[in-house]
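Asks:
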Amino acid sequence: MDKTLSQEEVDALLQAMKSGDVKTESEPAKASAEEVKVVSYNFRKPTLVSGDQLRGFQVLHDLFVKGIQSSLFVALKTSMEIKLVAIDQFTYGEFVLSLLRPTYIGVLATTPNIGEIAVEMNLPLILSMIDILLGGDGAGAQEPRELTAIEMSISSDIMEVIVAELKSAWAGIMDISFTVQSYESNPEYIQLATSEAQVLSVTLDLRMGEITGVLNICYPYQMVQPVLDRLSSRIGARKDPTMSKTEKKHDEMVTAIGTVPLDLHAVIGHSTILASQLASLKPGDVICLDQTLSHPAEVTIGTHACFKAQIGQRNGRAAVRLIAQSQANPTPGNGGPVETKKK
């Protein structure tokens, strides 16, 4: 059947529509402003990291925080509180603008070569650490200034501690090492990426007594992009859903105190003398102890007797061989312990 309308039929149809004899379909009602949901998207700053990837990145740097806190305590012999406060996505230009001037920045190369990262510390904080390493208390006011050659040499030891802990934290994800390539005081002199390139910035808050400061780590996104999926999956695999809160707290406590130095003494015996005898002591005098040569020494940690041990030597130094656990915890000091080895 021919469906083509003649010109007369078209004219009649148009006339009927104008007169209202033919009903036309009404236009669909427009949605109200309340019904329209608009999702904003910043094309200049796209969200490139998913929630799982960000959580994996956070867990990795939680491990770094625990390691660096213990290592800096050993290096500086002073307590320090370190917290992971933020992981942000910026453009590299925004990251550079957020830093103080002058500051202390180490540029780290990677092996295998997947890019460079930057580790930045506030100058007052690094100057306080240098003061502690030189025998001070680090509590004096430190005005931001350029580091001297000697201070740069000392500060490099602190940076090496940070580098070692970064490698340790990343070891569970990939076999990568970091090497200090250069130091800068002006962040504008460092070109890790273009100004518009995306970076991940990790911010740590450090506190030593009254001294506070910030440590920033800048990862170019192009560098970490290949490992982000692997990071989230590896971190997820590490979690043990059956581990109780008590077990987790225990593991955290063991990790926190694992590198605390302890004084260890080997006590070979005691003796009691009169004050008048003490005043007359001179080199060459012999003091008899209350133990025989065959009697094991008592090894104490702090004020607690922990082990029985045999006295000997190794590599030309006095040493003890642990042979049994001590059954009591007396407090040494009747006549003063004779120290044969100290860790």
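Going by the numbering used here, the residue at position 33 of the sequence shown is 236; the numbering climbs one at a time, nothing skipped. No residue lacks a Cβ here, since even glycine has one placed at the ideal position from N, Cα and C. Predicted model only: the values in this text are computed from it and were never measured.
#1: State the beta-bridge partners of residue 292 as determined by DSSP.
#2: Closer than 8 Å is the cut-off here; do at least three beta carbon pairs connect the stretch 288-302 with the stretch 383-401?
#3: Looking at the secondary structure, which residues open and close the alpha helix (DSSP H) in which residue 257 lies?
#4: Compute the beta-carbon to beta-carbon distance between residue 392 and residue 350, rounded to the nearest angstrom, for a pair I have assumed lies under 8 Å.
#5: Apart from the five residues just before and just after residue 331, which ones in its own chain have a Cβ nearer than 7 Å to its Cβ?
#6: Nearest CA to the CA of residue 433: which residue from 374, 502, 402?
#7: Could you please give me the residues that DSSP links to residue 324 through a beta bridge?
#8: Considering only the beta carbon of each residue, do residue 368 and residue 260 sit closer than 8 Å?
#9: Within a Cβ cutoff of 8 Å, which residues of the same chain sit near residue 505, ignoring the five residues on either side of it in sequence?
#10: When the Cβ atoms of the stretch 354-361 are set against those of the stretch 423-430, are three or more pairs found closer than 8 Å?
#11: Sorted by chain position, which residues of the same chain lie with C-beta nearer than 6 Å to residue 444's C-beta, five sequence neighbours on each side aside?
#12: From 287, 376, 325, pick the residue whose C-alpha is nearest to that of residue 416; which is it?
#13: Within a Cβ cutoff of 6 Å, which residues of the same chain sit near residue 278, ignoring the five residues on either side of it in sequence?
#14: Rounded to whole angstroms, what's the CA-CA distance from residue 290 to residue 336? Just pull it up for me.
#15: Looking only at its chain, what residues have a beta carbon closer than 6 Å to the beta carbon of residue 318, apart from the 5 residues adjacent to it on each side?
#16: In chain order, what residues of the same chain lie with their CB nearer than 7 Å to the CB of residue 524, ignoring the 5 residues before and after it?
#17: Taking buried to mean at least 16 other C-beta atoms within 10 Å of its own C-beta, is residue 460 buried or exposed?
#18: How many Å lie between residue 381 and residue 510 at the Cα?
#19: Below 7 Å CB to CB, which residues in the same chain sit around residue 376 once its five sequence neighbours on both sides are set aside?
#20: For the alpha helix (DSSP H) holding residue 357, just list the boundary residues, first then last.
#21: Assign residue 544 to one of three DSSP states: helix, strand, or coil.
#22: As a quick exercise: from 403, 219, 500, pick the residue whose alpha carbon is nearest that of residue 528.
#23: Is the beta carbon of residue 503 less than 8 Å from the beta carbon of residue 463?
#24: So, with DSSP's three-state summary, where would you put residue 346?
Replies: Judging by the given coordinates:
#1: As a first step, residue 292 is located in the sequence shown; it is residue number 89 there, counting from the start. For residue 292, which the question treats as bridged, DSSP gives the partners 403.
#2: Contact between the stretch 288-302 and the stretch 383-401 is present: 3 or more CB-CB pairs across the two stretches fall below 8 Å.
#3: Stepping through the sequence shown from its first residue, residue 257 is reached at position 54. Segment 254-279, the alpha helix (DSSP H) holding residue 257.
#4: Locating residue 392 in the sequence shown gives position 189, counting from the first residue. Locating residue 350 in the sequence shown gives position 147, counting from the first residue. That belief does not hold up - the Cβ atoms of residue 392 and residue 350 are roughly 15 Å apart, past 8 Å.
#5: Start at 1 with the first residue of the sequence shown, and residue 331 comes out as number 128. If we look at residue 331 and ignore the five residues flanking it on each side, its Cβ neighbours are 341, 345, 411, 414.
#6: Taking the first residue of the sequence shown as 1, we reach residue 433 at position 230. Taking only the C-alpha atoms, the option nearest residue 433 is 374.
#7: The sequence position of residue 324 within the sequence shown is 121, counting from 1. Bridge partners of residue 324: 307, 418.
#8: Position 165 of the sequence shown holds residue 368. Position 57 of the sequence shown holds residue 260. Not a contact, by the Cβ cut-off of 8 Å.
#9: Sequence index remark: in the sequence shown, residue 505 carries index 302 (1-based). If we look at residue 505 and ignore the five residues flanking it on each side, its Cβ neighbours are 465, 466.
#10: With a cut-off of 8 Å, the stretch 423-430 and the stretch 354-361 do not count as touching, because too few Cβ pairs lie within range.
#11: For this step, residue 444 is matched to residue 241 along the sequence shown. Confidence is the limiting factor: at residue 444 the pLDDT is only 46, short of 50, which leaves the residue's position unreliable, though a coordinate-based value still follows. None.
#12: As a position in the sequence shown, residue 416 is number 213, starting the count at 1. Among 287, 376, 325, the Cα nearest to that of residue 416 is on 325.
#13: Translated into positions along the sequence shown, residue 278 becomes position 75. Within the same chain, 364 come within 6 Å of residue 278 by CB-CB distance, once the 5 residues on both sides are set aside.
#14: By one-based count along the sequence shown, residue 290 stands at place 87. By one-based count along the sequence shown, residue 336 stands at place 133. Cα to Cα, the separation comes out at about 30 Å.
#15: The sequence position of residue 318 within the sequence shown is 115, counting from 1. Closer than 6 Å at Cβ, skipping near neighbours: 423, 426.
#16: Reading the sequence shown from its first residue, position 321 is the one you call residue 524. For residue 524, the CB contacts under 7 Å within the same chain, skipping 5 residues up- and downstream, are 512, 513, 515 in chain order.
#17: Residue mapping note: residue 460 aligns to position 257 of the sequence shown, counting from 1. By the beta-carbon neighbour count (other beta carbons within 10 angstroms, threshold 16), residue 460 is exposed.
#18: Residue numbering aside, residue 381 sits at position 178 when the sequence shown is read from its first letter. Residue numbering aside, residue 510 sits at position 307 when the sequence shown is read from its first letter. Taking the straight line joining both Cα atoms gives about 41 Å.
#19: Translated into the one-based positions of the sequence shown, residue 376 becomes position 173. Cβ neighbours of residue 376 beyond the five flanking positions: 263, 430, 433, 434, 437.
#20: Residue mapping note: residue 357 aligns to position 154 of the sequence shown, counting from 1. Where residue 357 is concerned, the enclosing alpha helix (DSSP H) stretches over 352-373.
#21: Start at 1 with the first residue of the sequence shown, and residue 544 comes out as number 341. Here the model assigns residue 544 a pLDDT of 43, short of 50, so the residue's position is not dependable and the matter cannot be decided.
#22: For the purposes of this step, residue 528 is taken as the residue at position 325 of the sequence shown. Nearest of 403, 219, 500 to residue 528, Cα basis: 500.
#23: As a working mapping, residue 503 is identified with position 300 in the sequence shown. As a working mapping, residue 463 is identified with position 260 in the sequence shown. No. Outside cutoff.
#24: The residue labelled residue 346 in the question sits at position 143 within the sequence shown. Residue state, collapsed to three classes: coil.
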